[in-house]
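Residue numbers (the numbering used here), protein chains in the order written: chain A, 1 to 346; chain B, 1001 to 1428.
In what follows, a single structure is set out as structure tokens and then discussed.
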Amino acid sequence: MKARLTAPNPQLNELGKLKHLLTLEGLKQHHLTEILDTAESFIDPNTNKIKKVPLLRGKSIMNLFFEPSTRTRTTFEIAEKRLSADIESLDIQTSAAKKGESLLDTLWNLQAMQADMFVIRHAESGAAHFFAQHVAPGVHVLNAGDGQHAHPTQALLDMFTIRKKKGDIFDLKVAIVGDILHSRVVRSQIQALSILEAREIRVIGPKTLLPEHPEVLGVHVYHDIEEGLKDVDVVIMVRLQNERMKSALIPSEKEFFKRYGLTEKRLALAKPGAIVMHPGPINRGVEIDSAVADGPQSVILEQVTYGIAVRMAVMSVIMSNAAQLTQYQAEQEQAALSEVEMENAQ
Amino acid sequence: MRFAILNARVIDPSQDLDDVTNLYLARGRITHIGKQAPSGFIADQEIDATNKWVIPGLVDLQARLGEPGSIYAGSIASETRAAVAGGITTICCPPDTNPVNDTQAVTELIQRRARQAATAYVMPIGALTQGLEGKLLSGIYSLIEGGCVALSQANKPVQSALTLKNALEYTTSLDTVVMLRCEDNDLKNNGVAHDGPVASRLGLPAIPHSAETTALARDLILVEESGIRAHFSQLSCARSVEMIADAKKRGLPVTCDVAIHQLLLSEMDLLGFNSLFHVSPPLRSLQDRDALLAGVRSGVIDAIVSDHTPLHRDDKLLPFGESKPGIIGLETLLPLVLKLVQEGQLELYTALRAVTQTPAEILQIPTGALQINRPADLVIIDPEGIWTLSEDNIVSEGKNSPFLGWEFIGQVEQTFFQGMPVYKNNCV
């Protein structure tokens, strides 16, 4: 019996362009670079400020957060406003779902309010795929984090930050340290780094915080942080996701810091000029020392700033792809009509 | 009514029978199998079964019928209709009904509804512990006296080793089989998918093999200690097959089964997050699937079950991890078994034996064979019939099948239950 190794990519339209952003898995390098290049165009090179543009004027975007979030939700909202979209943010935890309404009914009701795009965060892996499967054609879904599966915009903004600081991703050695098992961000980061052909991707952590089959992610595994940080260009720290830990996976935060915390001494093992990243929120003294978090190699706050430009880029690329598709379909229809007319004339 | 089924290829593994011949049915029983009609036999109806197969009605050790408890995902009437449409004439229903089948009253209710439906045997399985909570023993003797053919914990294995030990020891005096599904809740850890590469990629909470194998190891030791006749349900991994093989070698009175979907699907089918593939135990690796198939081939795995679980559409219209586990299987058990035969994965005899003779023997019930003077429960199959599973042709109230859109070769044409046709050419 043959195994089905791949599923069709549900986030691409007939032209092979993004119609949803659910995961980075299965995307090509050009999909990512288009977004990163577009993000570049939103930043004024003279002031490093992000420009407001009217690209999504008249479009309605709904932010559906089934799980608490401050940072991601705020940067999405700012990005949407800078694109001049009409926005609505709903904290689903305290609304319809509490009254027993099913997820799909909530979605369809909001869709009936003429939403063009949903930005969705949900605690279940695959939730964004599920919503994308059930929205009307022409409505777009953007994954703002689903379970332990994916957080593609976070990974894209990380890539943008690396590009800004290092010029290119190609040929870089990147180490990701911490709770790999529970992190949707890490899964997306690894996919992004692979697509953009980073030279080596390392994950560092205790076995209890790594997935059972890290090799399928295309990474090198280190259980010793000193070994893993040697000669890397980028160090990405991720936090311990205590809310997802259902059993005792580490003895204590104190011991974790002792074994895996990023200190100045450990950072010195990386290449000189290596940058330190963290998708936030950071836990000082748990995964990262304050001296490193606030130190000269840290780009943590820049990540947040670039997050706005990258999310603007994702939304504008998706909406522009939709416009291209509509035009393509109109042309196809016109061509088909002309063919019929010619046949009739003959 | 007297029926003569003529010129059929009659296949019955229980008596090594594979012959083109005639079957004669009268007063609900098989009266004769052979080229010549018994003297004085005049059929009310003759059925020309040239180029067709006749096999015993299938015996399914695990199928939920949605009743009592469900108001919208099936009833005994609807699901027994689905069963006969799939060639199954004996169904064992696990005790995870609502209320749980832990009293004679519930057992009798199930039997009464089954008699009203009158399309297939429904054999209730009683709960080993009250409410399936794994704490206090049910009225085990009363359940068996009331008609339960076995005892089990359905999908809620007893987590306390002491309670299970007591339950097994108490039951040894009753000459019945205890059906055990092995799963350690702690190691399952709220997982929803096999702890393999796919779960690692998709970030789905994972269930390791050890969730099954550690529980199986414990249960085998307790079974050995008590001397109970035990049947292990729904094995899902290679190591479990090895452990059962070892136990059998040592002479333990154990048997086991596998759900048919575990023989065709794997964790790879989860790519895409389709909730229809959410089952418990989870779909495992390709190596596990191959080991399970090898287990059926070698006879270590005795039976194949449907693990039929009809669910309402809304139960699956959720993200993967939030959806309810379970798929329907009554109408696909036989077609999928035949598919494995067509693909060369199983011999026809081996495959049919695992869904007819052996499950009946495990329960010690007189079905699953085409024996003279036994009730005429049988299926006429068109082995060349090509059909596609779609929501429209599913008889079950549940439509939650991952096999929707699959094409099958081999179609149930007619099912007889106690000598009467209960299903004929898409008509129940």
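Every residue gets a Cβ at the ideal spot worked out from N, C-alpha and C, and that includes glycine.
Treat the numbers as computed from the prediction; the structure is a model and nothing was measured.
Mapping the DSSP letters down to three states, classify Thr208 (chain A) as helix, strand or coil. Reading the first sequence from its first residue, position 208 is the one you call residue 208 (chain A). DSSP places Thr208 (chain A) in helix when its eight states are reduced to three.
Chain A residues whose Cβ lies nearer than 9 Å to that of Asp1060 (chain B): Taking the first residue of the second sequence as position 1, residue 1060 (chain B) is located at position 60. Residues of chain A passing the Cβ test: none, with the nearest at roughly 23 Å.
Is the beta carbon of Glu1212 (chain B) sitting closer than 8 Å to the one on Glu1242 (chain B)? Within the second sequence, numbered from 1, the residue matching residue 1212 (chain B) stands at position 212. Within the second sequence, numbered from 1, the residue matching residue 1242 (chain B) stands at position 242. Against a cut-off of 8 Å, the Cβ pair of Glu1242 (chain B) and Glu1212 (chain B) comes out as no contact.
Suppose you measure from the CA of Pro1095 (chain B) to the CA of Leu1143 (chain B); what does that come to, to the nearest Å? Start at 1 with the first residue of the second sequence, and residue 1095 (chain B) comes out as number 95. Start at 1 with the first residue of the second sequence, and residue 1143 (chain B) comes out as number 143. Taking the straight line from one Cα to the other gives about 11 Å.
CA-CA distance, Ser60 (chain A) and Ala1161 (chain B)? Here residue 60 (chain A) corresponds to residue number 60 of the first sequence, with the count starting at 1. Here residue 1161 (chain B) corresponds to residue number 161 of the second sequence, with the count starting at 1. Looking at the two C-alpha atoms, the distance is approximately 57 Å.
Through-space distance from Ser183 (chain A) to Lys146 (chain A), alpha-carbon basis: Along the first sequence, read from residue 1 onward, the residue named residue 146 (chain A) stands at position 146. Along the first sequence, read from residue 1 onward, the residue named residue 183 (chain A) stands at position 183. A small correction: the amino acid at residue 146 (chain A) is Asp; Lys does not occupy that position in the sequence shown. Each residue's Cα considered, the two are about 10 Å apart.
Within-8 Å CB hit, Leu1202 (chain B) to chain A: For this step, residue 1202 (chain B) is matched to residue 202 along the second sequence. Yes, because at least one Cβ of chain A sits closer than 8 Å to the Cβ of Leu1202 (chain B).
Asp171 (chain A) classed as buried or exposed, judged by whether at least 16 other C-beta atoms fall within 10 angstroms: Taking the first sequence and counting its residues from 1, one reaches residue 171 (chain A) at position 171. Counting Cβ neighbours within 10 Å, Asp171 (chain A) comes out exposed, since fewer than 16 surround it.
Identify, in the order they occur along the chain, each residue of the same chain with its Cβ nearer than 6 Å to the Cβ of Tyr1121 (chain B), setting aside the five sequence neighbours on each side. Here residue 1121 (chain B) corresponds to residue number 121 of the second sequence, with the count starting at 1. Counting only Cβ-Cβ distances below 6 Å, and skipping sequence neighbours, we find Thr1090.
Tell me, please, whether the CB atom of Leu1317 (chain B) is closer than 8 Å to any CB atom in chain A? On the second sequence, position 317 is the one that residue 1317 (chain B) refers to. Chain A contact via Cβ: present.
When you compare each of B:Ser1306, B:His1312, B:Ala1294 to Gly1280 (chain B) by their alpha carbons, which one comes out closest? For the purposes of this step, residue 1280 (chain B) is taken as the residue at position 280 of the second sequence. Per the sequence shown, residue 1280 (chain B) should be read as Ser rather than Gly. Closest option to Ser1280 (chain B), Cα to Cα, is B:Ser1306.
Answer yes or no: do Lys1156 (chain B) and Gly1191 (chain B) have a C-beta to C-beta separation smaller than 8 Å? Indexing the second sequence from 1 puts residue 1156 (chain B) at position 156. Indexing the second sequence from 1 puts residue 1191 (chain B) at position 191. Not in contact: Lys1156 (chain B) and Gly1191 (chain B) (Cβ atoms no closer than 8 Å).
CA-to-CA distance, Val1337 (chain B) to Asn1022 (chain B), given in whole angstroms: To locate residue 1022 (chain B), count along the second sequence from 1; it is residue 22. To locate residue 1337 (chain B), count along the second sequence from 1; it is residue 337. Their backbone Cα atoms lie some 25 Å apart in a straight line.
For Leu217 (chain A) and chain B, any beta-carbon pair shorter than 8 Å? Within the first sequence, the letter at position 217 stands for residue 217 (chain A). It does: the Cβ of Leu217 (chain A) has a partner Cβ on chain B nearer than 8 Å.
In the DSSP assignment, what are the bridge partners of Gln1411 (chain B)? Here residue 1411 (chain B) is taken as the residue at index 411 of the second sequence, counted from 1. Beta-bridge pairing links Gln1411 (chain B) to B:Asp1382.
Tell me which residues of the region 1382–1394 of chain B have at least one Cβ-Cβ distance to chain A shorter than 7 Å, keeping chain order. none
Does Pro110 (chain A) get closer than 8 Å to chain B when you measure Cβ to Cβ? Working through the first sequence from its first residue, we reach residue 110 (chain A) at position 110. According to the sequence shown, residue 110 (chain A) is Leu rather than Pro. Not one chain B Cβ lies under 8 Å of Leu110 (chain A).
Give the straight-line distance between the Cα atoms of Ala1376 (chain B) and Leu1025 (chain B), rounded to the nearest whole angstrom. Within the second sequence, numbered from 1, the residue matching residue 1376 (chain B) stands at position 376. Within the second sequence, numbered from 1, the residue matching residue 1025 (chain B) stands at position 25. Ala1376 (chain B) and Leu1025 (chain B): Cα-Cα distance of roughly 7 Å.
Environment of His1261 (chain B) [buried if 16+ CB atoms lie within 10 Å]: On the second sequence, residue 1261 (chain B) is found 261 positions in, with the first residue counted as 1. So His1261 (chain B) ends up on the buried side.
Can you tell me which of the three DSSP states Ala192 (chain A) falls into? Taking the first sequence and counting its residues from 1, one reaches residue 192 (chain A) at position 192. DSSP places Ala192 (chain A) in helix when its eight states are reduced to three.
Do the region 1282–1294 of chain B and the region 1036–1052 of chain B touch if we need at least three Cβ pairs shorter than 8 Å? no
Tell me the DSSP bridge mates of Ile375 (chain A)? It is not possible to answer for residue 375 (chain A), since the shown part of chain A is limited to 1 through 346.
Starting from Arg187 (chain A), find everything on chain B with Cβ-Cβ shorter than 7 Å and list it in chain order. Within the first sequence, residue 187 (chain A) is the residue found at index 187, counting from 1. What Arg187 (chain A) touches in chain B: Gly1203.
Could you check the C-alpha separation between Ala1118 (chain B) and Leu1378 (chain B) for me, to the nearest Å? Along the second sequence, read from residue 1 onward, the residue named residue 1118 (chain B) stands at position 118. Along the second sequence, read from residue 1 onward, the residue named residue 1378 (chain B) stands at position 378. So the alpha carbons of these two residues sit roughly 15 Å apart.
Leu5 (chain A) - DSSP class collapsed to helix/strand/coil: Position 5 of the first sequence, counted from the first residue, corresponds to residue 5 (chain A). Low confidence applies to Leu5 (chain A): its pLDDT is 41, below 50, so where it sits in the model is not reliable, and the reading given next is rough at best. Three-state DSSP puts Leu5 (chain A) in coil, outside helix and strand.
Starting from Tyr222 (chain A), follow its DSSP beta bridges and name the residues at the other end. As a working mapping, residue 222 (chain A) is identified with position 222 in the first sequence. Answer is A:Ile204, bridged to Tyr222 (chain A).
Mind listing the chain A neighbours of Pro1197 (chain B)? Cutoff is C-beta to C-beta under 7 Å, in chain order. The residue given as residue 1197 (chain B) occupies position 197 in the second sequence. Here the neighbours are His213, Val216.
When Cβ atoms are compared, which residues of the region 17–36 of chain A fall closer than 8 Å to chain B? Glu25
Can you name, in chain order, every residue of its own chain whose Cβ lies under 8 Å from the Cβ of Ala322 (chain A), other than the five neighbours on each side? Taking the first sequence and counting its residues from 1, the one referred to as residue 322 (chain A) is at position 322. If we look at Ala322 (chain A) and ignore the five residues flanking it on each side, its Cβ neighbours are Asn13, Lys19, Gly138, His140.
Between Ala1245 (chain B) and chain A, is any beta-carbon pair separated by less than 8 Å? For the purposes of this step, residue 1245 (chain B) is taken as residue 245 along the second sequence, with counting starting at 1. No, Ala1245 (chain B) does not count as interfacial toward chain A.
DSSP three-state assignment for Ser1152 (chain B), whether helix, strand or coil: Here residue 1152 (chain B) refers to the residue found at position 152 when the second sequence is read from its first residue. The three-state reading of DSSP puts Ser1152 (chain B) in strand, counting E and B together.
Please classify Met62 (chain A) as buried or exposed, where buried requires at least 16 other C-beta atoms within 10 Å of its C-beta. Translated into the one-based positions of the first sequence, residue 62 (chain A) becomes position 62. So Met62 (chain A) ends up on the buried side.
Suppose contacts are defined by Cβ-Cβ distances below 8 Å. Is Lys1324 (chain B) in contact with Phe1408 (chain B) by that definition? If you number the second sequence from 1, residue 1324 (chain B) lands on position 324. If you number the second sequence from 1, residue 1408 (chain B) lands on position 408. For Lys1324 (chain B) and Phe1408 (chain B), no; Cβs fall outside 8 Å.
Residues in its own chain within less than 6 Å of Leu217 (chain A) by CB, not counting five upstream and five downstream? By 1-based counting over the first sequence, the position of residue 217 (chain A) is 217. Same-chain partners within the cutoff: Ile190.
Given 7 Å as the limit, tell me if Ile1328 (chain B) has its C-beta closer than that to any heavy atom belonging to the ligand MN. The ligand MN is not among the ligands present in this structure, which contains no ligands whatsoever.
Are three or more beta carbon pairs between the region 107–115 of chain A and the region 288–303 of chain A nearer than 8 Å? Of all C-beta pairs linking the region 107–115 of chain A to the region 288–303 of chain A, fewer than three are shorter than 8 Å, placing the two stretches out of contact.
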